[in-house]
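Asks: In UniProt numbering, the protein residues as written are 1 to 384.
Got a structure for you, questions after.
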């Protein structure tokens, strides 16, 4: 490989959220932040930008918009216009803006669970009625949307908060299911607020399908949230964007900034431009590395962690581990205290998911192997 994804970096004392939460003897494998260096072309571009010593308020330049538009077309055959992009410091502010602008107090906001905690909590920020809709676990290890329940939950309009590729289960929605979900939203006159931040990280030849690309009718009711932050590991630069193709809807949502959502920082915008225009070789090798990590992890969990079940993630770099058979009161706490591995607690992703943990395999293989070895020893010592 051209790029070294096996290189280890000491991230202690760098202000890293991931590596600051726990004591130094704990291996953190929780938040969706990869332990790889950002693409060299991004680092070099930022170094060059910093030769100009002014870092004032900044706006998106035409070349940034054009890079994103070209990337969306090249990857997804989705035709977007430069003016349809709204830049934000994060997708979380985007889906909160959309909820505030679009959903009425008497309407429901549907969230498929388990789900990313900020998505789960967003309706509560605005006093909106949240309906948590459980996926249907299938015999083949995949998850399906309960379409009838979705239809019932969206009566009277409201919104669906969609995560695709899905965090934490790693589901990549196939076209048929995504179309069925979108058609229900259209029939019920509900908005689709689609968090597609992991769009570029799909495995086994899968290609992400942006919800808004399904049809002109669907695009008119869809707010898409994207960022280079996950795929190119630049989340700390706090740059994301909304894509809203209907002009009236775009103005309505953008108005919901209400003095709370400010502009985006200049380094983040420059990094985003370079990510989409020049970092494709790095991303291709990253996906190969992540898929190999995923395959290694699936085999390791099934052969070395008795009582833990894993379904094969179709995308993202997150694994959803079912620890029900271990009969532990709190699996996350067990592996933290007994194995010194910091995982995400399942309860954060849904009220019925305390027996799950989420593991981030976006790291050098040596760290992944160390994490599994620690979990394995914790389980073995429990049985002594």
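In this text, a Cβ means the ideal position worked out from N, Cα and C, and glycines have one as well.
From a predicted model like this one, the values you see are computed outputs, not experimental measurements.
Tell me which residues share the same chain as residue 25 and place their Cβ nearer than 8 Å to its Cβ, disregarding the 5 neighbours each side in the sequence.
Replies: Position 25 of the chain shown, counting from 1, holds the residue named residue 25. The answer, listed in chain order, is 340.
Asks: Could you check what DSSP says for residue 35 in three-state terms: helix, strand or coil?
Replies: Here residue 35 is taken as the residue at index 35 of the chain shown, counted from 1. In the structure shown, residue 35 sits in coil (DSSP, three-state: anything other than H, G, I, E or B).
Asks: Measuring CB to CB, does residue 165 end up less than 8 Å from residue 314?
Replies: Within the chain shown, numbered from 1, the residue matching residue 165 stands at position 165. Within the chain shown, numbered from 1, the residue matching residue 314 stands at position 314. Cβ distance < 8 Å, so residue 165 and residue 314 count as in contact.
Asks: Taking residue 340 as part of the beta strand (DSSP E), name the residues at either end of that continuous run.
Replies: To locate residue 340, count along the chain shown from 1; it is residue 340. Per DSSP, residue 340 belongs to no beta strand (DSSP E) and is neither H nor E.
Asks: In chain order, what residues of the same chain lie with their CB nearer than 6 Å to the CB of residue 89, ignoring the 5 residues before and after it?
Replies: Taking the chain shown and counting its residues from 1, one reaches residue 89 at position 89. Result list for residue 89: 238, 264, in chain order.
Asks: How long is the line joining the alpha carbons of residue 337 and residue 9, rounded to whole angstroms?
Replies: Position 337 of the chain shown, counting from 1, holds the residue named residue 337. Position 9 of the chain shown, counting from 1, holds the residue named residue 9. Straight-line Cα distance between these residues: approximately 24 Å.
Asks: Is the beta carbon of residue 247 sitting closer than 8 Å to the one on residue 221?
Replies: Locating residue 247 in the chain shown gives position 247, where the first residue counts as 1. Locating residue 221 in the chain shown gives position 221, where the first residue counts as 1. Going by C-beta atoms, residue 247 is not nearer than 8 Å to residue 221.
Asks: For residue 13 and residue 27, I'd like the C-alpha separation in whole angstroms.
Replies: Sequence index remark: in the chain shown, residue 13 carries index 13 (1-based). Sequence index remark: in the chain shown, residue 27 carries index 27 (1-based). Cα to Cα, residue 13 sits roughly 15 Å from residue 27.
Asks: Tell me, to the nearest whole angstrom, how far the beta carbon of residue 312 is from that of residue 298; I am working on the premise that it is less than 8 Å.
Replies: Locating residue 312 in the chain shown gives position 312, counting from the first residue. Locating residue 298 in the chain shown gives position 298, counting from the first residue. Sure, about 6 Å apart at Cβ, within 8 Å.
Asks: Considering only residues of the region 80-113, which uninterrupted alpha helix (DSSP H) runs meet the minimum length of 4 residues and lie entirely inside it, listed in chain order?
Replies: Listed in chain order, the complete alpha helix (DSSP H) runs (minimum 4 residues) inside the region 80-113 are 91-102.
Asks: By alpha-carbon positions, which one of 352, 375, 191 ends up nearest to residue 133?
Replies: The residue given as residue 133 occupies position 133 in the chain shown. When each option's Cα is compared against that of residue 133, the closest is 352.
Asks: Please determine, among 190, 278, 62, 48, the residue with the shortest C-alpha to C-alpha distance to residue 228.
Replies: Walking along the chain shown from the start, residue 228 turns up at place 228. The shortest C-alpha separation from residue 228 is found at 278.
Asks: With contact counted as at least three CB pairs below 8 Å, one residue from each stretch, are the region 102-112 and the region 152-172 in contact?
Replies: Yes, the region 102-112 touches the region 152-172.
Asks: Under 8 Å, do residue 64 and residue 242 count as touching if we go by C-beta distance?
Replies: As a working mapping, residue 64 is identified with position 64 in the chain shown. As a working mapping, residue 242 is identified with position 242 in the chain shown. For residue 64 and residue 242, no; Cβs fall outside 8 Å.
Asks: Hey, residue 200 and residue 283 are a contact pair by Cβ (cut 8 Å); roughly how many whole angstroms apart?
Replies: In the chain shown, residue 200 corresponds to position 200, counting from 1. In the chain shown, residue 283 corresponds to position 283, counting from 1. Indeed they touch by this definition, with Cβ atoms about 6 Å apart.
Asks: For residue 153 and residue 52, I'd like the C-alpha separation in whole angstroms.
Replies: Within the chain shown, numbered from 1, the residue matching residue 153 stands at position 153. Within the chain shown, numbered from 1, the residue matching residue 52 stands at position 52. One C-alpha to the other measures close to 53 Å.
Asks: So, is residue 363 buried or exposed, given that buried needs 16 or more other C-beta atoms within 10 angstroms?
Replies: Against the chain shown, residue 363 aligns to sequence position 363. The residue is buried, with at least 16 neighbouring Cβ atoms inside 10 Å.
Asks: When you compare only the Cα positions, how much space is there between residue 144 and residue 135?
Replies: The count along the chain shown starts at 1 and reaches residue 144 at position 144. The count along the chain shown starts at 1 and reaches residue 135 at position 135. Using only the alpha carbons, I get a separation of about 6 Å.
Asks: Find the nearest neighbour of residue 305 within the set 347, 374, 281, 365, judged by alpha-carbon distance.
Replies: To locate residue 305, count along the chain shown from 1; it is residue 305. Of the listed residues, the one whose Cα sits closest to residue 305 is 374.
Asks: Below 7 Å CB to CB, which residues in the same chain sit around residue 376 once its five sequence neighbours on both sides are set aside?
Replies: As a working mapping, residue 376 is identified with position 376 in the chain shown. Result list for residue 376: 304, 305, in chain order.
Asks: Rounded to a whole number of angstroms, what is the C-alpha to C-alpha distance between residue 236 and residue 367?
Replies: Position 236 of the chain shown, counted from the first residue, corresponds to residue 236. Position 367 of the chain shown, counted from the first residue, corresponds to residue 367. If you take the alpha carbons of residue 236 and residue 367, they lie about 21 Å apart.
Asks: Once DSSP output is grouped into helix, strand and coil, what is the label at residue 240?
Replies: By one-based count along the chain shown, residue 240 stands at place 240. Three-state DSSP puts residue 240 in a strand.
Asks: Which same chain residues end up closer than 6 Å to residue 301 when comparing Cβ atoms and leaving out the 5 residues on each side of it in sequence?
Replies: Along the chain shown, read from residue 1 onward, the residue named residue 301 stands at position 301. Cβ neighbours of residue 301 beyond the five flanking positions: 308, 310.
Asks: Name the residue from 31, 262, 19, 213 whose alpha carbon lies nearest to the alpha carbon of residue 357.
Replies: Residue numbering aside, residue 357 sits at position 357 when the chain shown is read from its first letter. Considering only alpha carbons, the answer is 31.
Asks: List the whole-angstrom C-beta distance separating residue 271 from residue 46, where the pair is believed to meet the contact cut-off of C-beta under 8 Å.
Replies: As a first step, residue 271 must be located in the chain shown, where it is residue number 271. As a first step, residue 46 must be located in the chain shown, where it is residue number 46. About 6 Å; that satisfies the 8 Å criterion.
Asks: Under 8 Å between the Cβ atoms of residue 86 and residue 275?
Replies: Taking the first residue of the chain shown as position 1, residue 86 is located at position 86. Taking the first residue of the chain shown as position 1, residue 275 is located at position 275. No, the pair does not count as a contact, with Cβ atoms beyond the cut-off.
Asks: Figure out for me which residue from 48, 29, 182, 232 has the closest Cα to the Cα of residue 37.
Replies: The residue labelled residue 37 in the question sits at position 37 within the chain shown. Minimum Cα distance to residue 37 is reached at 232.
Asks: If residue 360 and residue 29 are in contact, beta carbons under 8 Å, what's the gap, nearest whole angstrom?
Replies: Taking the first residue of the chain shown as position 1, residue 360 is located at position 360. Taking the first residue of the chain shown as position 1, residue 29 is located at position 29. Indeed, because the Cβ distance is near 5 Å, the residues count as touching under 8 Å.
Asks: List the endpoints of the continuous beta strand (DSSP E) containing residue 358.
Replies: The residue labelled residue 358 in the question sits at position 358 within the chain shown. Residues 356-360.
Asks: Leaving out the 5 sequence neighbours to the left and right, which residues in its chain are closer than 6 Å to residue 123 when beta-carbon positions are compared?
Replies: Taking the first residue of the chain shown as position 1, residue 123 is located at position 123. The residues are 109, 130.
Asks: Please classify residue 354: is it buried, with 16 or more other beta-carbons within 10 angstroms of its beta-carbon, or exposed?
Replies: Looking up residue 354 in the chain shown gives position 354. So residue 354 counts as buried.
Asks: What are the uninterrupted segments assigned as beta strand (DSSP E) that are 3 or more residues long and contained completely in the region 158-240, given in chain order?
Replies: Taking only runs of at least 3 residues, the beta strand (DSSP E) segments lying wholly in the region 158-240 are 159-163, 191-195, 222-226.
Asks: Give the DSSP-derived three-state secondary structure of residue 23 in the structure shown.
Replies: Start at 1 with the first residue of the chain shown, and residue 23 comes out as number 23. Residue 23 falls in the coil class under three-state DSSP.
Asks: Can you grab the Cα-Cα spacing for the pair residue 253 / residue 95, in whole Å?
Replies: As a working mapping, residue 253 is identified with position 253 in the chain shown. As a working mapping, residue 95 is identified with position 95 in the chain shown. Cα-Cα distance, rounded: 10 Å.
Asks: Would you mind stating whether residue 256 and residue 101 have Cβ atoms separated by less than 8 Å?
Replies: Along the chain shown, one-based indexing puts residue 256 at 256. Along the chain shown, one-based indexing puts residue 101 at 101. Contact: yes.
Asks: Is the CB-CB distance between residue 188 and residue 151 below 8 Å?
Replies: Within the chain shown, residue 188 is the residue found at index 188, counting from 1. Within the chain shown, residue 151 is the residue found at index 151, counting from 1. Yes, they are a contact pair.
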